[in-house]
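In this note's numbering, the protein residues as written are 770 to 954.
We put the CB at the ideal spot given by N, CA and C, even for glycine.
These numbers come from a predicted model, not from an experiment.
Reviewing the structure listed below.
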C-alpha cells in the first residue's frame, strides 16, 4: 500500500528536473535583466528601477507557480495510475502548509527588499527554501537531505559573498536536475 502523500507529492523524477530548469531559467533571466539594467548602452538600461523590481518579482512568482503545477500534475498522474484520491485530509493539510510556507518566504523577501537589504534576499531565500525542503521531506529517503543541506551551505556562502547569488541559484538548479535524474522512482 502506498502512502498517498509521499507518492503524489514528491521531488522525484520529472518534478525535480522541471523545478531545476525553472530555477536555472529564472537565475539566468534575472542576471540578464540586472546586467542589462546596469549597462548604459543596453535597452534594459532605460527601464525604471521599479519596473526591474516588478519583473524580478514576477519571475519569482512564475517559478513558484510552475513548480507548484509540476507537483500537482505529477501527483494527479500518479494518483490516477495507482487509483488513489489526489486530495485527502493529509494532502490538503500538506498543501496548506506548503502554500503558507511559500507566502511566508515571499513576505520575508519582500520585507527585506523594502528595508533595503537587497544583498540578503538570495541567502535568506536559500535558507528558507532549505528549511521548507527539510520540513516536507520523506522520512525514509535519506538521499533527499542533500538538497536542504545544499541550500543551507549555499545560503551561508551568499551571506559571506553577496555576489555569489547567481552561482548559488545555478548550483541549486543543477542539483535539482541531478536529483531528479538519479532518483526516478
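Separation of residue 948 and residue 911 (C-alpha to C-alpha, rounded to the nearest whole angstrom) is 12 Å. Under the three-state reduction of DSSP output, residue 822 falls in the helix class. The C-beta separation of residue 823 from residue 814 comes to about 16 Å, leaving the pair out of contact by the 8 Å criterion.
A Cβ-Cβ contact shorter than 9 Å links residue 785 with residue 952. Classified as exposed, residue 858 has fewer than 16 neighbouring CB atoms from the shown chains inside 10 Å of its CB. For secondary structure counted as the alpha helix (DSSP H) over 4 or more consecutive residues, the stretch 866-927 holds these complete runs in sequence order: 890-904. 9 Å or more divides the Cβ of residue 942 from the Cβ of residue 896. Look at residue 800 here: in three-state DSSP terms it is helix. Taking 8 Å as the upper bound for CB-CB distance, residue 874 and residue 889 are not in contact here, some 13 Å apart.
Around residue 842, the same chain offers no residue with a beta carbon nearer than 8 Å, after the five sequence neighbours per side are excluded. Of all alpha-carbon atoms in 848, 916 and 887, the one lying nearest the alpha-carbon of residue 900 is that of 916.
In its chain, beyond the 5 residues on either side, 828 have a beta carbon closer than 7 Å to the beta carbon of residue 798. In the three-state reduction of the DSSP assignment, residue 810 falls in the coil class.
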